[in-house]
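Everything in the sequence shown is counted per the numbering used here, starting at 179 for the first residue and increasing by one.
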Amino acid sequence: GILMVGPGFRDCVSSPGESPSELRIRHELGAGDSVDWHLVWFPSHEELPTPEHAPTALEDAVTQWEEWSGSFEIDGEYVEDVRRSLLVLRALTYGRTGGIVAAPTTSLPEDFGGSRNWDYRYTWLRDASLTIEVLADYTTPENALPWRDWLMRAIAGDVAELQIMYGIAGERHLPEHELDHLSGYEGSRPVRIGNGAANQYQADVVGTVMLALAKLRDHGIEEDEYSWQLQRHLLAYCEKHFDRKGHGIWEMRGDAHYFTHGRVMMWAAFNEGIRAVEEHGLDGDVARWQELRARLREEILAQGYNHEIESFTQTYDNTEVDASLLQLPHTGFLAYDDPMMLSTVARIERDLVDEHGFVHRYRTAEGLDGLDGDEYPFLICTFWLVEQYAMAERLDDARGLMETLLAVQSPLGLLSEEYDPTTKRLAGNYPQAFSHLALVRAAHALAYDDHGIAPPTGERG
């Protein structure tokens with residue numbers, strides 16, 4: 179049933195099958211006024227719940243969040259921006275299961291009036307893993323244990339059936355369908371529920387998970403009997419799919435390809451398995467993993483880097499660049515100031531950075547993603563460029579771009595997935611874990627240079 183309590187009407191209780199299809203309540207407020215309004219769902223077989231005293235509940239919540247956000251130190255010049263982003267990442271974590279949603283909304287458009295509208299209310303292994311890396315670096319590593327437990331439950335069973343995303347309680351069946359009766363935000367149709375990307379193969383996902391779990395080990399979190407066993411199974415999954423093409427970090431809905439970023443992330447998966455054995459004393463077939471890592475490195479340098487254009491490429495079979503290439507140094511595959519990386523950055527600046535300094539994921543006009551329409555620059559990609567600038571000692575460029583990004587935050591310090599610099603509007607689902615975790619990493623890179631704190635990533639092989 180549903181219990182509704184608020185000003186201007188009597189307590190209203192509905193039973194299953196009797197819920198009103200529409201409920202309108204009008205109550206006028208003056209400046210400084212506040213009212214309590216409760217909407218409570220409860221199982222119909224249970225007794226009617228008693229609504230909490232709202233002021234007390236609010237006070238308790240504020241106290242809890244203040245205590246959590248004050249339990250760790252933040253270095254650098256962007257302390258409050260980082261603190262706000264960490265709060266957002268924590269708030270995107272479902273307390274009952276440890277699942278971390280990509281965003282709490284669905285179908286807020288990437289292109290106003292267009293069709294690029296997706297449901298982000300699920301736990302992507304990639305997004306959650308990147309979030310855990312950030313939380314482990316800035317808060318306490320123990321904050322990541324609920325997510326590791328969620329991961330163990332979600333992937334329980336046959337790793338061969340691994341998905342790239344799950345529901346917040348580990349649900350596997352996430353069929354995508356369209357709500358044709360809804361016009362969408364500012365006419366942006368369709369409104370979608372579920373996400374068809376759940377059934378894609380994306381070669382980068384296991385590497386992202388392995389990097390996050392390695393981060394926990396490096397912070398002193400010990401493996402239990404199941405967590406390391408799971409990681410060995412994940413590496414076996416990588417070996418089984420070693421030659422398989424995928425749809426990439428951006429979940430392209432066109433044909434599968436060998437995405438350079440995805441191949442590097444597979445390299446990172448084996449690299450972290452090797453590190454776990456060599457540096458943490460865990461057991462594993464390190465000789466086999468070393469062989470596969472070496473094969474991947476040779477392949478990536480031969481097919482993922484184009485010497486004619488002096489750049490890593492989006493896929494092995496095209497000469498486009500992709501903002502995900504900015505992540506290669508984060509894995510330890512090469513240094514931020516490696517000449518191949520610097521020339522790739524120059525190509526990204528030429529092809530993907532707009533006149534305002536914001537970074538697009540890729541050139542949508544090439545049609546590789548299989549979708550109509552365009553999209554705005556991605557905030558995570560632009561923060562990645564800040565991080566790259568900082569770690570390659572282009573500090574003026576890094577700070578200038580960081581200030582540009584911070585200026586687009588909402589009054590509450592929140593960020594969506596994309597930004598339209600022409601109309602000065604945030605676009606896409608909101609608030610977005612990707613954008614906030616990237617803000618923290620960019621600030622961390624600048625703080626590393628200024629204050630000598632631990633770098634955002636170490637050398638990993």
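Using N, Cα and C, we set each Cβ at its ideal position, and we do this for glycine too.
Values in this document were obtained by computation on a predicted structure and should not be read as measured data.
Compute the Euclidean distance between the alpha carbons of Ala-472 and Leu-413, then round it to the nearest angstrom.
Answer to the nearest angstrom: the Cα atoms are 15 Å apart.
Segments of 4+ residues assigned as alpha helix (DSSP H) that fall wholly inside the segment 348-396
Counting only runs of 4 or more, we get 383-396.
Any chance the segment 394-406 sits against the segment 491-511, with 3 or more Cβ pairs inside 8 Å?
Verdict: no, contact absent.
With H, G and I counted as helix, E and B as strand and the rest as coil, what does DSSP make of Leu-590?
Leu-590 sits in coil when the DSSP states are folded into three classes, being neither helix nor strand.
Check for me: the beta strand (DSSP E) holding Met-182 runs from which residue to which?
Met-182 -> beta strand (DSSP E) spans 180-183.
Which listed residue (Arg-541, His-216, Leu-624 and Leu-207) has its alpha carbon closest to that of Val-183:
When each option's Cα is compared against that of Val-183, the closest is His-216.
Backbone secondary structure at Phe-511 - three-state DSSP
Coil at Phe-511, not helix or strand.
Is Leu-308 helix, strand or coil by DSSP?
In the structure shown, Leu-308 sits in a helix (DSSP, three-state: H, G or I).
Burial state of Thr-601, where buried means 16 or more other Cβ atoms lie within 10 Å
Note on Thr-601: under 16 other CB atoms within 10 angstroms of its CB, so exposed under the neighbour-count rule.
Could you tell me the distance, in whole angstroms, from the CA atom of Arg-619 to the CA atom of His-458?
Their Cα atoms are separated by approximately 25 Å.
If you draw a straight line from the alpha carbon of Leu-590 to that of Arg-350, how long is it in whole angstroms?
Leu-590 and Arg-350 have their C-alpha atoms roughly 34 Å apart.
CB of Val-218 within 7 Å of CB of Leu-181, strictly:
Contact check for Val-218 against Leu-181 passes: the beta carbons are separated by less than 7 Å.
Where Phe-490 sits in the DSSP three-state scheme:
Collapsing the DSSP output to three states places Phe-490 in a strand.
Please name the residue or residues paired with Val-464 in a DSSP beta bridge.
Per DSSP, none; premise fails for Val-464.
Under the rule that 16 or more other beta-carbon atoms within 10 Å means buried, what is Arg-525, buried or exposed?
Result: buried.
Curious, which full-length alpha helix (DSSP H) runs of at least 4 residues does the segment 384-458 contain?
For the segment 384-458, whole alpha helix (DSSP H) runs of length 4 or above, ordered along the chain, are 405-418 and 438-458.
Same chain only: Cβ atoms within 6 Å of Pro-287, ignoring 5 sequence neighbours per side:
Only Asn-295, Tyr-363 and Ser-366 meet the Cβ criterion.
Taking only heavy atoms of the ligand PLP into account, decide whether any of them is closer than 6 Å to the Cβ of Leu-573.
Annotation note on the ligand PLP: not contained in the displayed structure, which lists no ligands.
Cross-strand partners of Asn-484 (DSSP beta bridge):
Per DSSP, Ser-489.
Answer yes or no: do Thr-438 and Ser-489 have a C-beta to C-beta separation smaller than 7 Å?
In this structure, Ser-489 does not lie closer than 7 Å to Thr-438 by Cβ.
Mind checking Tyr-404: buried by the 16 CB within 10 Å criterion, or exposed?
Answer is exposed; the Cβ neighbour count stays below 16.
Going by DSSP in three states, Arg-171 sits in which element: helix, strand or coil?
Here the chain covers residues 179 to 639 and nothing more, so residue 171 does not appear.
I'd like the ranges of any alpha helix (DSSP H) spanning at least 4 consecutive residues and lying wholly in the segment 513-540.
Counting whole runs of 4 or more residues, the segment 513-540 contains the alpha helix (DSSP H) stretches 517-529.
Local Cβ density within 10 Å of His-223, reported as buried at 16 or more and exposed below that:
In this structure His-223 is exposed. Its beta-carbon is surrounded by fewer than 16 other beta-carbon atoms within 10 angstroms.
Below 7 Å between beta carbons: does that hold for Lys-423 and His-411?
Result no, Cβ atoms of Lys-423 and His-411 do not sit closer than 7 Å.
How big is the Cα-Cα spacing for Tyr-554 and Leu-530?
C-alpha separation (whole angstroms): 11 Å.
Where do the ends of the alpha helix (DSSP H) carrying Val-260 lie?
257-269 is the extent of the alpha helix (DSSP H) around Val-260.
What are the residues that DSSP puts in a beta bridge with Glu-596?
Looking at the DSSP assignment, Glu-596 forms a beta bridge with Phe-556 and Ala-605.
Taking 6 Å as the limit between beta carbons, can you name the residues of its chain near Trp-406, skipping five residues before and five after?
So the list reads Leu-460, once near-sequence residues are dropped.
Would you say Thr-301 and Ile-278 are within 7 Å of each other, going by their C-beta atoms?
Closer than 7 Å, so yes.
Closest by C-alpha distance to Tyr-567, when choosing among Asp-552, Phe-561, Cys-559 and Ala-576
Cα-wise, what sits closest to Tyr-567 is Ala-576.
How do the segment 439-450 and the segment 380-394 stand: do at least 3 beta-carbon pairs fall below 8 Å, yes or no?
Contact between the segment 439-450 and the segment 380-394 is present, with at least three C-beta pairs closer than 8 Å.
Sequence-distant residues of its chain with Cβ nearer than 7 Å to Gly-291 (five each side left out):
Glu-364, Gly-365 and Ser-366.
Gln-587 versus Gly-432 - alpha carbon distance
Straight-line measurement puts the Cα of Gly-432 at about 33 Å from the Cα of Gln-587.
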